[in-house]
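In the numbering used here, the protein residues as written are 1 to 199.
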């Protein structure tokens, strides 16, 4: 299966009061840089970074990693438009599947991404599951791309579940789902990484 992996990094970082959350330092690399590194470890996928117009530093972070980028011109209208941009890219490149990662979730392990892709051979969509709650990252087969393109606002891909029939899930430990919206979120992730280093 020919699979694309998109890291969504077009958000406005509105709740983060000290600059761009995706460019904040996280153990010697940025939040986005750590997410890109994890995604890049899934070497067999086609990689794309989704950014908004004017987000030069984020675009450069992807380019420095050897990635291409695509713009979500209306990203200010919510995450749904970033998902739509990723799906449009996947359609244009005639991919069979698409994995969606969030740039502000830097702790997701590559083993989980690979498990999503493996399960995608049996389902139209596969979601991460944390104690039964469906969360990103998620993966979709080509027939779903046309639905993803029409998402808007802060509606994520879960909004499509009712139209997808049986979906697959891949269990993910809650500790890996921490995202960065505020300074306290960033500090919590730094603490986790420091404890891992000590262990």
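In this text, a Cβ means the ideal position worked out from N, Cα and C, and glycines have one as well.
query = So the beta strand (DSSP E) residue 180 belongs to, where does it begin and stop?
reply = No beta strand (DSSP E) contains residue 180, which DSSP labels as neither H nor E.
request  = Give the secondary structure of residue 43 by DSSP, where H, G and I count as helix, E and B as strand, and everything else as coil.
outcome  = coil
key: Nearest-angstrom Cα separation, counted from residue 150 out to residue 29   = 34 Å
Residues near residue 34 in its chain [Cβ-Cβ closer than 7 Å; skip 5 each side] = 26 and 106
task = Give a yes or no on contact between the stretch 63 to 83 and the stretch 37 to 51, applying the rule of three or more CB pairs nearer than 8 Å.
result = yes
ask   = Just to confirm, are residue 87 and residue 145 a CB contact at a threshold of 9 Å?
value = yes
inquiry  = Could you pull the DSSP bridge partners for residue 101 from this structure?
reply    = 7
message = Only counting the same chain, and skipping five residues up and downstream in sequence, which positions put a Cβ closer than 7 Å to that of residue 82?
response = 8, 10, 50, 72 and 75
query = With C-beta atoms as the reference, is residue 85 less than 9 Å away from residue 70?
reply = yes
inquiry  = For residue 125, report the span of its beta strand (DSSP E) as first-last.
reply    = 125 to 130
inquiry  = Quick test of your reading: residue 186 and residue 24, contact by CB under 8 Å. State the CB separation rounded to the nearest angstrom.
reply    = 6 Å
inquiry  = Considering Cα atoms alone, identify which of 173, 171, 172 and 140 is closest to residue 157.
reply    = 140
request  = Compute the beta-carbon to beta-carbon distance between residue 47 and residue 95, rounded to the nearest angstrom, for a pair I have assumed lies under 8 Å.
outcome  = Actually they do not touch by this definition, with Cβ atoms about 12 Å apart.
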